[in-house]
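Notes for the one structure printed next.
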Amino acid sequence: MAERTDRTGQPRRTPFRRAMTARNPDEEHRTATTLELFFDLCFVVAVSLAATQLHHALAEGHAGHGLAGYLPVFFAIWWAWMNFTWFASAYDTDDLPYRLTTLVQIAGVLVLAAGVPNAFEGDFRVIVGAYIVMRLAMVGQWLRAAHADPPRRACSLRYAAGITVVQVAWVVWLWLPAPMVFFVLFALAEIAVPIWAERKSPTRWHAEHIAERYGLFTLIVLGESVLAATTATQSAFGAGHDVAKLLTLSLAGLVIVFSMWWMYFDQPSPQQLLNSLRTSMVWGYSHLLVFASAAAVGAGLQVAVDYDTGEAHPPQLLAGYAIAIPVAVYVLMVWALQVRPTLPMPVSTAYPVTVVLLLLTPFTGAPVHVAAVLVALLVAVTVFARGRAF
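Below you can see the structure in the form of C-alpha coordinates.
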(Lines of atoms letter the chains of each structure in order from A; the text may use other names.)
(Lines give C-alpha, C1' and ligand atoms only; values in the text may rest on other atoms or scores of the structure.)
Protein backbone atom coordinates (compact mmCIF):
# COMPACT_ATOMS: atom_id res chain seq x y z
CA MET A 5 0.00 0.00 0.00
CA ALA A 6 1.47 3.33 -1.06
CA GLU A 7 2.12 5.89 1.66
CA ARG A 8 -0.11 8.95 1.62
CA THR A 9 1.64 12.17 0.61
CA ASP A 10 0.87 15.86 0.73
CA ARG A 11 0.78 18.27 -2.21
CA THR A 12 4.59 18.56 -2.24
CA GLY A 13 5.04 14.82 -2.53
CA GLN A 14 6.35 14.48 1.02
CA PRO A 15 4.92 11.91 3.47
CA ARG A 16 1.85 13.27 5.22
CA ARG A 17 2.68 13.81 8.89
CA THR A 18 0.43 13.48 11.87
CA PRO A 19 0.88 16.05 14.67
CA PHE A 20 2.84 13.61 16.80
CA ARG A 21 4.20 10.89 14.54
CA ARG A 22 6.18 10.68 11.32
CA ALA A 23 7.02 7.71 9.14
CA MET A 24 10.51 6.51 10.10
CA THR A 25 11.91 6.44 6.58
CA ALA A 26 15.64 6.61 5.87
CA ARG A 27 17.24 10.03 5.78
CA ASN A 28 19.28 11.26 2.84
CA PRO A 29 22.96 10.36 3.39
CA ASP A 30 23.95 13.28 1.13
CA GLU A 31 21.89 15.86 2.99
CA GLU A 32 23.75 19.17 3.22
CA HIS A 33 24.49 20.95 6.49
CA ARG A 34 23.48 17.94 8.61
CA THR A 35 24.41 18.74 12.21
CA ALA A 36 23.84 17.26 15.65
CA THR A 37 20.46 18.04 17.16
CA THR A 38 19.88 19.41 20.64
CA LEU A 39 18.47 16.02 21.65
CA GLU A 40 21.69 14.33 20.54
CA LEU A 41 23.76 16.84 22.51
CA PHE A 42 21.59 16.28 25.58
CA PHE A 43 22.03 12.54 25.07
CA ASP A 44 25.82 12.95 25.03
CA LEU A 45 25.89 15.05 28.19
CA CYS A 46 23.85 12.50 30.12
CA PHE A 47 26.05 9.66 28.94
CA VAL A 48 29.15 11.51 30.07
CA VAL A 49 27.71 11.49 33.60
CA ALA A 50 28.17 7.72 33.55
CA VAL A 51 31.63 8.09 31.98
CA SER A 52 32.63 10.47 34.77
CA LEU A 53 31.49 8.10 37.50
CA ALA A 54 33.30 5.18 35.85
CA ALA A 55 36.52 7.23 35.69
CA THR A 56 36.08 8.26 39.34
CA GLN A 57 35.81 4.65 40.45
CA LEU A 58 38.85 3.76 38.35
CA HIS A 59 40.75 6.54 40.09
CA HIS A 60 39.84 5.17 43.52
CA ALA A 61 40.90 1.64 42.57
CA LEU A 62 44.24 2.79 41.12
CA ALA A 63 44.96 5.08 44.08
CA GLU A 64 44.50 2.08 46.36
CA GLY A 65 46.89 0.03 44.24
CA HIS A 66 44.19 -2.27 42.87
CA ALA A 67 44.81 -1.96 39.13
CA GLY A 68 43.36 -5.34 38.16
CA HIS A 69 40.24 -4.78 40.24
CA GLY A 70 39.79 -1.33 38.72
CA LEU A 71 40.09 -2.54 35.14
CA ALA A 72 37.69 -5.43 35.82
CA GLY A 73 35.06 -2.83 36.75
CA TYR A 74 35.99 -0.09 34.30
CA LEU A 75 36.05 -2.09 31.08
CA PRO A 76 32.55 -3.69 31.32
CA VAL A 77 30.99 -0.44 32.52
CA PHE A 78 32.62 1.63 29.82
CA PHE A 79 31.70 -0.91 27.15
CA ALA A 80 28.03 -0.69 28.18
CA ILE A 81 28.11 3.11 28.02
CA TRP A 82 29.97 3.26 24.72
CA TRP A 83 27.97 0.59 22.94
CA ALA A 84 24.60 2.09 23.89
CA TRP A 85 25.87 5.52 22.80
CA MET A 86 27.30 4.23 19.53
CA ASN A 87 24.18 2.30 18.54
CA PHE A 88 21.95 5.31 19.13
CA THR A 89 24.34 7.58 17.22
CA TRP A 90 24.40 5.50 14.05
CA PHE A 91 20.67 4.82 14.21
CA ALA A 92 19.91 8.52 14.62
CA SER A 93 22.13 9.35 11.66
CA ALA A 94 19.97 7.12 9.47
CA TYR A 95 16.48 7.44 11.01
CA ASP A 96 16.16 10.58 13.14
CA THR A 97 12.47 11.45 12.74
CA ASP A 98 12.42 13.77 15.78
CA ASP A 99 8.76 12.94 16.41
CA LEU A 100 7.10 12.19 19.74
CA PRO A 101 7.75 8.40 19.82
CA TYR A 102 11.37 8.93 18.80
CA ARG A 103 11.96 11.54 21.48
CA LEU A 104 10.29 9.51 24.21
CA THR A 105 12.27 6.39 23.28
CA THR A 106 15.48 8.42 23.35
CA LEU A 107 14.58 9.79 26.78
CA VAL A 108 14.06 6.21 27.96
CA GLN A 109 17.64 5.49 26.88
CA ILE A 110 18.85 8.57 28.74
CA ALA A 111 17.00 7.43 31.86
CA GLY A 112 18.65 4.03 31.42
CA VAL A 113 22.16 5.44 31.35
CA LEU A 114 21.48 7.54 34.44
CA VAL A 115 20.34 4.42 36.29
CA LEU A 116 23.45 2.69 34.94
CA ALA A 117 25.55 5.53 36.35
CA ALA A 118 23.96 4.98 39.76
CA GLY A 119 25.07 1.34 39.61
CA VAL A 120 28.71 2.08 38.75
CA PRO A 121 30.06 1.91 42.35
CA ASN A 122 28.43 -1.48 42.87
CA ALA A 123 29.84 -2.73 39.58
CA PHE A 124 33.36 -1.98 40.77
CA GLU A 125 32.58 -4.21 43.75
CA GLY A 126 31.54 -7.02 41.41
CA ASP A 127 27.76 -6.48 41.50
CA PHE A 128 26.61 -5.78 37.92
CA ARG A 129 22.87 -6.24 38.44
CA VAL A 130 21.97 -2.55 38.18
CA ILE A 131 24.32 -2.07 35.25
CA VAL A 132 22.84 -5.00 33.33
CA GLY A 133 19.26 -3.99 34.11
CA ALA A 134 19.80 -0.40 32.97
CA TYR A 135 21.73 -1.54 29.90
CA ILE A 136 18.91 -3.88 28.86
CA VAL A 137 16.41 -1.02 29.17
CA MET A 138 18.51 1.06 26.78
CA ARG A 139 18.99 -1.78 24.34
CA LEU A 140 15.33 -2.80 24.27
CA ALA A 141 14.46 0.83 23.55
CA MET A 142 16.67 0.49 20.48
CA VAL A 143 14.80 -2.67 19.51
CA GLY A 144 11.63 -0.58 19.46
CA GLN A 145 13.32 1.96 17.20
CA TRP A 146 14.51 -0.72 14.79
CA LEU A 147 11.03 -2.25 14.61
CA ARG A 148 9.64 1.17 13.70
CA ALA A 149 12.25 1.48 10.98
CA ALA A 150 11.44 -2.01 9.70
CA HIS A 151 7.77 -1.04 9.39
CA ALA A 152 8.33 2.28 7.62
CA ASP A 153 11.38 1.54 5.44
CA PRO A 154 10.71 -1.59 3.32
CA PRO A 155 13.97 -1.43 1.29
CA ARG A 156 15.95 -1.89 4.53
CA ARG A 157 13.41 -3.97 6.46
CA ALA A 158 15.62 -7.09 6.54
CA CYS A 159 18.50 -5.09 8.01
CA SER A 160 16.28 -3.50 10.68
CA LEU A 161 14.77 -6.85 11.66
CA ARG A 162 18.23 -8.35 11.98
CA TYR A 163 19.18 -5.54 14.34
CA ALA A 164 16.04 -6.06 16.42
CA ALA A 165 16.49 -9.83 16.61
CA GLY A 166 20.23 -9.73 17.29
CA ILE A 167 19.96 -7.13 20.05
CA THR A 168 17.15 -9.05 21.75
CA VAL A 169 19.05 -12.33 21.76
CA VAL A 170 22.18 -10.75 23.24
CA GLN A 171 20.15 -9.10 26.02
CA VAL A 172 19.02 -12.55 27.13
CA ALA A 173 22.68 -13.53 27.22
CA TRP A 174 23.49 -10.59 29.52
CA VAL A 175 20.83 -11.75 31.99
CA VAL A 176 22.40 -15.20 32.02
CA TRP A 177 25.85 -13.59 32.45
CA LEU A 178 24.98 -12.46 35.97
CA TRP A 179 24.98 -16.08 37.15
CA LEU A 180 27.88 -17.45 35.15
CA PRO A 181 31.30 -18.36 36.60
CA ALA A 182 34.37 -16.58 35.17
CA PRO A 183 32.34 -13.44 34.39
CA MET A 184 35.15 -11.62 32.55
CA VAL A 185 35.58 -14.49 30.09
CA PHE A 186 31.87 -14.50 29.27
CA PHE A 187 31.83 -10.70 29.22
CA VAL A 188 34.32 -10.75 26.35
CA LEU A 189 32.26 -13.36 24.49
CA PHE A 190 28.97 -11.50 24.90
CA ALA A 191 30.60 -8.15 24.04
CA LEU A 192 31.86 -9.71 20.82
CA ALA A 193 28.31 -10.91 20.15
CA GLU A 194 27.04 -7.33 20.57
CA ILE A 195 29.70 -6.06 18.17
CA ALA A 196 28.80 -8.75 15.64
CA VAL A 197 25.14 -7.71 15.39
CA PRO A 198 25.71 -4.60 13.20
CA ILE A 199 28.20 -6.51 11.03
CA TRP A 200 25.58 -9.20 10.45
CA ALA A 201 22.67 -6.78 10.03
CA GLU A 202 24.37 -4.37 7.64
CA ARG A 203 25.03 -7.17 5.16
CA LYS A 204 21.35 -6.85 4.29
CA SER A 205 20.58 -3.51 2.62
CA PRO A 206 22.85 -1.25 4.76
CA THR A 207 21.39 1.71 6.60
CA ARG A 208 21.79 5.18 5.09
CA TRP A 209 23.89 6.94 7.74
CA HIS A 210 25.38 10.38 7.08
CA ALA A 211 29.21 10.44 7.07
CA GLU A 212 29.56 14.13 8.00
CA HIS A 213 27.01 13.76 10.78
CA ILE A 214 28.77 10.67 12.19
CA ALA A 215 32.16 12.40 12.15
CA GLU A 216 30.69 15.38 14.00
CA ARG A 217 28.97 13.18 16.59
CA TYR A 218 32.17 11.29 17.37
CA GLY A 219 34.13 14.53 17.56
CA LEU A 220 31.62 16.06 19.97
CA PHE A 221 31.71 13.05 22.27
CA THR A 222 35.52 13.08 22.23
CA LEU A 223 35.41 16.75 23.16
CA ILE A 224 33.02 16.17 26.05
CA VAL A 225 35.07 13.25 27.42
CA LEU A 226 38.24 15.35 27.26
CA GLY A 227 36.38 18.04 29.16
CA GLU A 228 35.49 15.50 31.82
CA SER A 229 39.20 14.71 32.21
CA VAL A 230 39.97 18.39 32.69
CA LEU A 231 37.24 18.61 35.34
CA ALA A 232 38.53 15.53 37.15
CA ALA A 233 42.09 16.84 37.28
CA THR A 234 40.91 20.29 38.37
CA THR A 235 38.79 18.84 41.18
CA ALA A 236 41.71 16.77 42.45
CA THR A 237 44.03 19.77 42.38
CA GLN A 238 41.47 21.97 44.13
CA SER A 239 41.12 19.42 46.92
CA ALA A 240 44.91 19.26 47.30
CA PHE A 241 45.13 23.06 47.52
CA GLY A 242 42.42 23.04 50.15
CA ALA A 243 44.38 20.51 52.21
CA GLY A 244 47.40 22.84 52.27
CA HIS A 245 49.81 20.83 50.13
CA ASP A 246 52.86 22.17 48.29
CA VAL A 247 51.49 24.86 45.96
CA ALA A 248 54.49 24.94 43.61
CA LYS A 249 54.43 21.17 43.10
CA LEU A 250 50.70 21.21 42.45
CA LEU A 251 50.95 24.09 39.99
CA THR A 252 53.58 22.35 37.88
CA LEU A 253 51.60 19.09 37.98
CA SER A 254 48.40 20.87 36.99
CA LEU A 255 50.17 22.66 34.15
CA ALA A 256 51.59 19.38 32.88
CA GLY A 257 48.15 17.79 33.04
CA LEU A 258 46.63 20.64 31.06
CA VAL A 259 49.35 20.36 28.42
CA ILE A 260 48.53 16.66 28.04
CA VAL A 261 44.79 17.22 27.63
CA PHE A 262 45.30 20.23 25.34
CA SER A 263 47.64 18.15 23.19
CA MET A 264 45.12 15.32 23.06
CA TRP A 265 42.51 17.77 21.80
CA TRP A 266 44.94 19.15 19.21
CA MET A 267 45.91 15.70 17.92
CA TYR A 268 42.33 14.65 17.35
CA PHE A 269 40.86 17.82 15.90
CA ASP A 270 43.76 19.33 13.95
CA GLN A 271 43.28 16.77 11.20
CA PRO A 272 41.41 16.74 7.89
CA SER A 273 37.75 15.93 8.43
CA PRO A 274 37.46 12.20 9.17
CA GLN A 275 34.31 11.97 7.06
CA GLN A 276 36.54 11.31 4.04
CA LEU A 277 37.68 8.13 5.79
CA LEU A 278 34.08 6.89 6.13
CA ASN A 279 33.90 5.85 2.51
CA SER A 280 32.80 2.23 2.89
CA LEU A 281 30.92 0.06 5.34
CA ARG A 282 34.08 -1.81 6.35
CA THR A 283 36.27 1.24 6.99
CA SER A 284 33.42 3.04 8.74
CA MET A 285 32.85 0.15 11.12
CA VAL A 286 36.57 -0.13 11.91
CA TRP A 287 36.72 3.62 12.51
CA GLY A 288 33.57 3.64 14.64
CA TYR A 289 34.41 0.56 16.70
CA SER A 290 37.99 1.67 17.34
CA HIS A 291 36.73 4.77 19.09
CA LEU A 292 36.00 2.58 22.10
CA LEU A 293 39.71 2.89 22.90
CA VAL A 294 39.75 6.62 22.08
CA PHE A 295 36.89 7.38 24.47
CA ALA A 296 37.97 4.95 27.19
CA SER A 297 41.57 6.20 27.21
CA ALA A 298 40.51 9.86 27.16
CA ALA A 299 38.31 9.30 30.21
CA ALA A 300 41.03 7.27 31.94
CA VAL A 301 43.48 10.15 31.55
CA GLY A 302 41.37 12.10 34.04
CA ALA A 303 41.60 9.21 36.49
CA GLY A 304 45.35 9.01 35.93
CA LEU A 305 45.82 12.72 36.63
CA GLN A 306 43.85 12.35 39.85
CA VAL A 307 46.09 9.47 40.89
CA ALA A 308 49.14 11.61 40.14
CA VAL A 309 47.84 14.39 42.40
CA ASP A 310 47.07 11.90 45.18
CA TYR A 311 50.49 10.30 44.87
CA ASP A 312 52.46 13.55 44.83
CA THR A 313 50.56 14.96 47.81
CA GLY A 314 50.72 11.74 49.81
CA GLU A 315 46.94 11.36 49.89
CA ALA A 316 47.33 7.87 48.43
CA HIS A 317 50.21 5.42 48.33
CA PRO A 318 50.01 3.21 45.24
CA PRO A 319 53.29 1.73 43.97
CA GLN A 320 55.34 4.32 42.11
CA LEU A 321 55.19 2.45 38.80
CA LEU A 322 51.42 2.01 39.09
CA ALA A 323 50.98 5.74 39.70
CA GLY A 324 53.12 6.45 36.66
CA TYR A 325 51.38 3.99 34.40
CA ALA A 326 47.98 5.32 35.49
CA ILE A 327 48.70 8.28 33.21
CA ALA A 328 51.22 6.78 30.78
CA ILE A 329 49.04 3.93 29.53
CA PRO A 330 45.85 5.90 28.73
CA VAL A 331 47.82 8.69 27.04
CA ALA A 332 49.79 6.13 25.03
CA VAL A 333 46.62 4.30 23.97
CA TYR A 334 45.00 7.59 22.94
CA VAL A 335 48.01 8.65 20.86
CA LEU A 336 48.21 5.23 19.22
CA MET A 337 44.52 5.23 18.28
CA VAL A 338 44.53 8.78 16.92
CA TRP A 339 47.56 7.83 14.83
CA ALA A 340 45.92 4.66 13.50
CA LEU A 341 42.54 6.23 12.74
CA GLN A 342 43.28 9.77 11.60
CA VAL A 343 46.98 10.57 11.31
CA ARG A 344 48.45 7.61 9.46
CA PRO A 345 46.02 7.92 6.52
CA THR A 346 46.71 11.65 6.09
CA LEU A 347 50.39 12.26 6.94
CA PRO A 348 53.46 10.96 5.08
CA MET A 349 55.13 7.95 6.66
CA PRO A 350 58.35 9.62 7.97
CA VAL A 351 56.26 12.10 9.98
CA SER A 352 53.47 9.77 11.08
CA THR A 353 56.02 7.37 12.60
CA ALA A 354 56.60 10.01 15.28
CA TYR A 355 53.33 8.82 16.84
CA PRO A 356 54.25 5.16 17.52
CA VAL A 357 57.71 6.33 18.63
CA THR A 358 56.05 8.66 21.11
CA VAL A 359 53.87 5.78 22.34
CA VAL A 360 56.98 3.76 23.19
CA LEU A 361 58.54 6.73 24.99
CA LEU A 362 55.33 7.36 26.93
CA LEU A 363 55.41 3.81 28.24
CA LEU A 364 58.90 4.52 29.62
CA THR A 365 57.90 7.69 31.49
CA PRO A 366 57.03 5.91 34.79
CA PHE A 367 60.75 5.16 35.17
CA THR A 368 61.68 8.87 35.01
CA GLY A 369 60.30 9.87 38.42
CA ALA A 370 58.15 12.59 36.83
CA PRO A 371 55.84 10.72 34.43
CA VAL A 372 53.20 13.44 34.05
CA HIS A 373 55.73 16.16 33.30
CA VAL A 374 57.71 14.05 30.84
CA ALA A 375 54.52 12.86 29.14
CA ALA A 376 53.46 16.50 28.75
CA VAL A 377 56.72 17.33 27.01
CA LEU A 378 56.43 14.31 24.70
CA VAL A 379 52.88 14.97 23.53
CA ALA A 380 53.55 18.71 23.14
CA LEU A 381 56.53 17.91 20.91
CA LEU A 382 54.38 15.50 18.94
CA VAL A 383 51.81 18.21 18.31
CA ALA A 384 54.58 20.57 17.22
CA VAL A 385 55.90 17.99 14.75
CA THR A 386 52.41 17.44 13.35
CA VAL A 387 51.74 21.15 12.94
CA PHE A 388 55.09 21.66 11.24
CA ALA A 389 54.46 18.73 8.93
CA ARG A 390 51.14 20.16 7.84
CA GLY A 391 52.80 23.46 7.05
CA ARG A 392 50.88 25.45 9.61
CA ALA A 393 51.89 27.99 12.19
CA PHE A 394 50.87 28.00 15.82
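Heads up: the sequence shown begins at 5 in the working numbering, then just goes up one per residue. We put the beta carbon where it would ideally sit given N, CA and C, even for glycine.
- In this structure residue 256 touches residue 372 by the C-beta definition: roughly 5 Å separates them, less than 8 Å.
- A check of alpha carbon separations from residue 283 across 251, 336, 211 identifies 211 as the nearest.
- Taking the C-beta atoms as reference points, residue 358 is found no nearer than 9 Å to residue 387.
- Counting the other CB atoms within 10 Å of its CB gives residue 109 a total of 16 or more, which places it among the buried residues.
- Cβ neighbours of residue 80 within its own chain (closer than 7 Å, five residues either side excluded): 116, 131, 135.
- Residue 191 has its alpha-carbon roughly 10 Å from the corresponding atom of residue 185.
- The segment 117–125 makes no contact with the segment 153–163: fewer than 3 CB pairs, one atom from each, lie closer than 8 Å.
- Note that the C-beta distance between residue 356 and residue 325 is not below 9 Å.
- Taken through DSSP and simplified to helix, strand or coil, residue 59 comes out as helix.
- Each of 187, 301, 381, 390 was checked against the Cα of residue 58, and the nearest Cα belongs to 301.
- Within the same chain, and ignoring the five residues on either side of residue 39 in sequence, the residues whose Cβ sits closer than 8 Å to its Cβ are 98, 103, 106.
- Taking 9 Å as the cut-off, the Cβ atoms of residue 222 and residue 294 count as close.
- Put simply, the backbone Cα of residue 65 is about 21 Å away from that of residue 51.
- Closest in alpha carbon position to residue 216, among 227, 164, 269, 208, is 269.
- By the criterion of a C-beta distance shorter than 7 Å, residue 31 is surrounded in its chain by 210, once the five residues flanking it on both sides are discounted.
- Secondary structure of residue 364 (DSSP, three-state): coil.
- Each of 225, 363, 322 was checked against the Cα of residue 49, and the nearest Cα belongs to 225.
- Just measuring C-alpha positions, the residue of 85, 101, 90 sitting nearest residue 20 is 101.
- Contact check for residue 62 and residue 318: beta-carbon distance about 6 Å, within the 8 Å limit, so the pair qualifies.
- The C-beta of residue 349 has fewer than 16 other C-beta atoms within 10 Å across all chains shown, which makes the residue exposed.
- For residue 249 and residue 346, the gap between their C-alpha atoms comes out near 39 Å.
- Rounded to the nearest whole angstrom, the CA to CA distance from residue 361 to residue 22 is 54 Å.
- A distance below 9 Å separates the beta carbons of residue 29 and residue 208.
- DSSP, reduced to helix, strand and coil, places residue 316 outside both helices and strands of the structure shown, so it counts as coil.
- Assignment of residue 122 by DSSP, reduced to helix, strand and coil, places it in the helix class.
- Residue 167 sits away from residue 148, with the two beta carbons spaced by 9 Å or more.
- Burial state of residue 73 is buried, judged by a 10 Å Cβ sphere holding 16 or more other Cβ atoms.
- Residues 209 of the same chain have their beta carbon placed closer than 6 Å to that of residue 90, with the five preceding and five following residues left out of the count.
- Here residue 251 is exposed, its C-beta having fewer than 16 other C-beta atoms within 10 Å.
- Distance from the CA of residue 309 to the CA of residue 253, rounded to the nearest whole angstrom, comes to 7 Å.
- In the structure shown, residue 36 falls within a coil segment according to DSSP collapsed to helix, strand and coil.
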